[in-house]
Amino acid sequence: MPRLLLILLALLPLSALADFAHLRVQGSNTIGAALLPALVQGQLRAQGATAIEQAPGTHINETVITARDVRGQPLRVDIAAHGSSTGFAALGRGEADLAAASRPINETEVQQLHALGDLRAASAEQVIGLDGVAVIVHPDNPLPQLTTQQLAQIFSGQIQRWDQVGIAGGKIHLYARDDRSGTFETFKALVLDPNQGELSAKAQRFESSDTLAERVTADRQAIGFSSLAAVHGAKVLAVAEGDAPAMLPQRSLVASEDYPLSRRLYFYLPANPKPQAKALADFAQSPAGQAIVAQLGFVSQQVKAQPVPPQADMPPRYRTLAQQAQRLSVNFRFQEGSASLDNKALRDVQRVAEYLRQAGKLQSKAVLVGFGDPKETPGRAALLSRLRALAVRRELARDGVDVLEVTGMGDELPVAGNDQEQGRLRNRRVEVWVY
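The numbering used here puts the first residue of the sequence shown at 128, with every later residue one more than the last.
Next up, the structure:
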């Protein structure tokens, strides 16, 4: 591998070689604190670099990684992990080659950065892993779960005492990430905004998930939220949305994005990225990169088959699947207001096809089950859910997968409430089952 890379480097013009020398990544603290440095080091080792060293940067939450490439030339990667919004701002100022974000780019940022290309294109917006925003309390707190509505009331200050949610404990102490954080943006979008809540001015704010979690574990009256990878001994609560059952951020539920506070972790690249930026993104998507994602406490996108216990309240066909087949860990979801697969789903098609290929199950072993949200017209929810499953079948067929069966179950088995658009979007999904 190093020899091949050496030959490739020798063929590059000097201007391209200069691009390999220095990479600047800014953005999410969730990604940048530990995952990003680990991915950088893994990618450098994969390309044959030596003398890899990591040191703190000039400011807190900054990291510098240095190495030498296969030609002995110096390499340097600067990481500044001050929050997702700072990554997009740095891209716009020309101070970053790649932005790391723990929430999707918003419309304002897309417009501000239009000169860099369409940052929502599949080549620009790359999901590198999954995470659950964990709601955490002191380890001695007896509370088992909360609804998203209760969380909104707590963090907006409408509920201020623990006895208002049924337990003793006095006043509630709020801990939250800062405004630049993608974790906060996710919590705001999934919890506060749908329930008309704004974060209480009494909440203590933190740039670092690690610091926030440490403070929660030391305060018996605390409640906070952090990355699943930064719980650090705090107790994690189950979360319920709408009529859906309460769920803990278990890896299987985060991988399928059924957990109500699941989120995606992103790299954003400009239309003409530096070679080193593209190499890092490609490595993050690879099996080796996804293994690092899992090692660092996040949820990888590698496809796994897992049994689902049959339940009496399951639709009959679904219960039969649970008895006879296994469900893959990935759910396919769609662009908002569209029957087209979203950027993650397009890559997941390749991952599912590769899994089935390696398992020897390309032909007539997979069943696609579509779901959706309620519709006023009878039968329309079932029809639309089947059409979503058919769209997935078409994509899988291009990769050589011959699906055994396609079915639509309409608005059965919701994973979210349907009173908000974000919940309806999560319910519009396609599961993959294999015999």
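No residue lacks a Cβ here, since even glycine has one placed at the ideal position from N, Cα and C.
Checklist entry - From this set, Ala452, Lys471, Pro402, which residue's C-alpha is nearest arginine 460's C-alpha? => result Comparing C-alpha distances from arginine 460 to each of Ala452, Lys471, Pro402 shows the shortest one belongs to Lys471.
Next on the checklist: Pairs of beta-carbons, one from the region 400 to 410 and one from the region 285 to 294, closer than 8 Å: are there three or more?
Outcome noted: With fewer than three CB-CB distances shorter than 8 Å, the region 400 to 410 does not count as touching the region 285 to 294.
Next on the checklist: Checking 8 Å against the spacing of the C-beta atoms, do glutamine 433 and serine 456 come in under that value?
Outcome noted: Cβ atoms of glutamine 433 and serine 456: closer than 8 Å.
Next on the checklist: What does the Cβ neighbour count give for lysine 329, buried or exposed, with the cut at 16 atoms within 10 Å?
Outcome noted: Classification of lysine 329: exposed, given that the 10 Å Cβ count is below 16.
Checklist entry - Can you tell me where the alpha helix (DSSP H) with glutamine 238 in it begins and where it stops? => result Note, glutamine 238: alpha helix (DSSP H), 234 to 239.
Checklist entry - How many Å lie between alanine 226 and glycine 324 at the Cα? => result Those two C-alpha atoms are separated by around 29 Å.
Checklist entry - For proline 376, which residues from the same chain have a beta carbon less than 6 Å from its beta carbon, with the 5 sequence-adjacent residues on both sides left out? => result Once the five neighbours on either side are set aside, the close Cβ partners of proline 376 are Gly259, Ala261, Leu355, Tyr386.
Item to check | arginine 586, DSSP secondary structure in three states | outcome: One cannot answer for residue 586 here, as it falls past the ends of the chain, which runs 128 to 562.
Checklist entry - In its own chain, which residues sit with a C-beta less than 6 Å from the C-beta of leucine 273, not counting the 5 before and 5 after it? => result Cβ neighbours of leucine 273 beyond the five flanking positions: Leu364.
Checklist entry - Under the rule that 16 or more other beta-carbon atoms within 10 Å means buried, what is glutamine 428, buried or exposed? => result Within 10 angstroms of the beta-carbon of glutamine 428 lie 16 or more other beta-carbons, which makes it buried.
Item to check | Contact under 8 Å by Cβ, aspartate 305 with arginine 332 | outcome: In this structure, aspartate 305 places its C-beta atom within 8 Å of the C-beta atom of arginine 332.
Next on the checklist: Can you list, in chain order, the residues of its chain with a C-beta nearer than 6 Å to that of valine 420? Leave out the 5 residues immediately preceding and following it.
Outcome noted: The answer, listed in chain order, is Gly256, Ser427.
Next on the checklist: Going by DSSP in three states, glycine 296 sits in which element: helix, strand or coil?
Outcome noted: Here glycine 296 sits in coil by DSSP.
Checklist entry - Are the beta-carbon atoms of glycine 293 and arginine 230 separated by less than 8 Å? => result Taking 8 Å as the Cβ cut-off, glycine 293 and arginine 230 do not qualify as a contacting pair.
Checklist entry - Do you know how far the Cα of valine 496 is from the Cα of glutamine 168? => result Going from the Cα of glutamine 168 to the Cα of valine 496 covers about 39 Å.
Next on the checklist: Does arginine 307 come out as helix, strand or coil in the three-state DSSP assignment?
Outcome noted: Coil at arginine 307, not helix or strand.
Checklist entry - Among residues of its own chain, excluding the 5 on either side of asparagine 322, which ones have a beta-carbon nearer than 7 Å to its beta-carbon? => result Answer for asparagine 322: Thr275, Gln276, Ala279, listed in chain order.
Item to check | Bridge partners - tryptophan 560, DSSP secondary structure assignment | outcome: Tryptophan 560 is bridged to Arg454, Val494.
Checklist entry - Leaving out the 5 sequence neighbours to the left and right, which residues in its chain are closer than 7 Å to arginine 151 when beta-carbon positions are compared? => result Within the same chain, arginine 151 has close Cβ partners Asp205, Glu222, Ala223, Asp224.
Next on the checklist: Quick check on the DSSP output: the alpha helix (DSSP H) that includes aspartate 258 runs from which residue to which?
Outcome noted: Where aspartate 258 is concerned, there is no enclosing alpha helix (DSSP H), although the beta strand (DSSP E) it sits in stretches over 252 to 264.
Checklist entry - Under a three-way DSSP split, which group does alanine 340 fall into? => result If DSSP states are grouped into helix, strand and coil, alanine 340 belongs with the helices.
Item to check | Euclidean distance between Cα positions of tyrosine 445 and phenylalanine 425 | outcome: The straight-line gap from Cα to Cα measures roughly 29 Å.
Checklist entry - Would valine 435 pass as a contact of valine 559 if the rule is Cβ separation under 8 Å? => result Result no, Cβ atoms of valine 435 and valine 559 do not sit closer than 8 Å.
Next on the checklist: Can you give me the C-alpha to C-alpha distance between methionine 374 and leucine 380, rounded to a whole angstrom?
Outcome noted: Their backbone Cα atoms lie some 8 Å apart in a straight line.
Item to check | C-alpha gap between glycine 184 and alanine 160, whole angstroms | outcome: In a straight line, the C-alpha of glycine 184 is about 12 Å away from that of alanine 160.
Checklist entry - How should isoleucine 187 be labelled, buried or exposed, when 16 other C-beta atoms within 10 angstroms of its C-beta is the threshold for buried? => result Isoleucine 187 should be labelled exposed.
Checklist entry - What do you get for arginine 555, buried or exposed, if any count of 16 or more other CB atoms within 10 angstroms of its CB means buried? => result The residue in question, arginine 555, is buried, as its Cβ has 16 or more Cβ neighbours within 10 Å.
Item to check | Beta-bridge partners of aspartate 290, as assigned by DSSP | outcome: The partner list for aspartate 290 (beta bridge, DSSP) is empty, contrary to what the question assumes.
Checklist entry - By the 10 Å Cβ neighbour count, where 16 or more other Cβ atoms means buried, how is arginine 482 classified, buried or exposed? => result Note on residue identity: the sequence assigns tyrosine, not arginine, to residue 482. Residue burial is scored here from C-beta neighbours: tyrosine 482 has at least 16 other C-beta atoms within 10 angstroms and is therefore classed as buried.
Next on the checklist: Per DSSP, what are the beta-bridge partners of glutamate 481 in this structure?
Outcome noted: In DSSP, glutamate 481 forms no bridge with anything.
Checklist entry - Touching or not, the region 357 to 371 and the region 540 to 548, by the rule of three or more beta carbon pairs under 8 Å? => result Output reads yes: the region 540 to 548 touches the region 357 to 371.
Item to check | C-alpha distance - lysine 401 paired with proline 443, whole-angstrom precision | outcome: Lysine 401 and proline 443 have their C-alpha atoms roughly 52 Å apart.
Next on the checklist: Output needed for arginine 203: all residues of its chain with C-beta closer than 6 Å, excluding positions within five of it in sequence on either side, in chain order.
Outcome noted: These residues qualify, in order along the chain: His149, Thr193.
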